[in-house]
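As structure tokens, the structure follows; a few thoughts come after it.
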Amino acid sequence: MDASARHVEEELRELPARIESMRADVQVLESLLAQERAQLGEAEALRGAQADDLEARRASLANARKKVAQAHNLREANAAEREVEVNRQAIRDRESELERIGEAVEAKRASLAAREAQFEEARGMFEQEERRSSSRIEELAKERDALLEGRDKLVSDLPTKLFKRYERLRQRIPDVVAVLDSETCTGCRMALPPQRFVDAQKGEIVDCPQCRRIVVYKGLLEP
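Residues in the sequence shown are numbered consecutively from 230, following this note's numbering.
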């Protein structure tokens with residue numbers, strides 16, 4: 230009974246794990262997307278600040294030129310010329326920086342667009358798989374319940390110690406019960422000690438000393 234339901238139970242464990250893995254991947258992409266949006270916002274803010282500074286420098290240049298035209302002596306003229314040159318250099322620097330930032334902003338926008346498309350695709354695949362898995366889990370649960378119908382009654386007839394031992398083994402190895410008609414264990418293919426096989430033939434609960442499976446003599450199961 231448990232052997233028949235094993236593949237169903239395995240899929241019931243695997244499906245939620247796969248969904249959680251996909252969910253984690255989508256969350257990583259969403260986090261990266263948020264980071265890139267923040268970086269784009271910072272770059273655009275910096276470009277705006279540089280543009281404002283450029284306008285201020287241009288205004289300062291215009292003011293410095295007025296000073297040159299209005300200079301009353303050589304000293305004032307030289308000072309005004311120096312101010313003109315300082316502002317010209319600052320304007321060139323700001324224009325160069327604005328060009329660099331503009332290129333970075335455009336590159337970041339392209340990267341962000343690609344990341345958004347990647348995120349939307351991943352999210353769509355995740356949502357589709359989540360719906361499919363939810364439906365599949367319902368089907369598997371019904372199939373498992375049908376396969377295990379009557380199990381509780383059988384369990385209640387077993388000695389508690391034996392059942393606990395069976396459950397512990399079931400978590401570690403497949404086909405916990407080895408049904409055999411010779412001294413060879415059908416689970417690990419190793420030979421049982423002769424006396425242990427004799428005990429199994431008598432209906433005693435014995436296990437394989439090699440793989441620890443519970444051994445049941447086939448002849449006792451036949452009508």
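We put the beta carbon where it would ideally sit given N, CA and C, even for glycine.
All of these numbers come straight from a predicted model, not from anything done at the bench.
- Item | Spatially closest choice to residue 312 from 292, 276, 424, 363, by CA coordinates | 292
- Item | According to DSSP, residues forming a beta bridge with residue 446 | 409
- Query: Are residue 407 and residue 442 close, meaning C-beta to C-beta below 8 Å?
  - Reply: yes
- Contact the stretch 316-331 vs the stretch 284-298: 3+ CB pairs below 8 Å: yes
- Message: Can you confirm whether the stretch 355-373 touches the stretch 246-253 when touching is taken to mean that 3 or more C-beta pairs between the two stretches lie within less than 8 Å?
- Response: yes
- How big is the Cα-Cα spacing for residue 449 and residue 414? 16 Å
- Between residue 438 and residue 422, which are expected to be in contact by the criterion C-beta below 8 Å, what is the C-beta distance as a whole number of angstroms? 7 Å
- Message: What does the alpha-carbon distance come out to for the pair residue 282 and residue 361?
- Response: 56 Å
- Message: Taking 8 Å as the threshold (C-beta atoms), are residue 271 and residue 341 in contact?
- Response: no
- Query: Hey, is the stretch 397-412 in contact with the stretch 364-374, meaning 3+ C-beta pairs nearer than 8 Å?
  - Reply: no
- Task: Please look up how many angstroms separate the CB atoms of residue 269 and residue 334, rounded, as I've assumed it's under 8 Å.
- Result: 7 Å
- Return yes when the Cβ of residue 343 is within less than 8 Å of the Cβ of residue 255, no when it is not. no
- Item | Cut-off 7 Å between Cβ atoms - residues of its own chain near residue 447, not counting five sequence neighbours on either side | 408, 409, 410
- Could you work out which residue in 332, 338, 401, 290 is closest to residue 315 when comparing CA atoms only? 290
- Task: Quickly, what does DSSP pair residue 315 with across the bridge? List them, please.
- Result: Paired residue(s): none; residue 315 is not in a bridge.
- Query: In angstroms, rounded to a whole number, what distance separates the CA positions of residue 359 and residue 246?
  - Reply: 11 Å
- Message: So, with DSSP's three-state summary, where would you put residue 374?
- Response: helix
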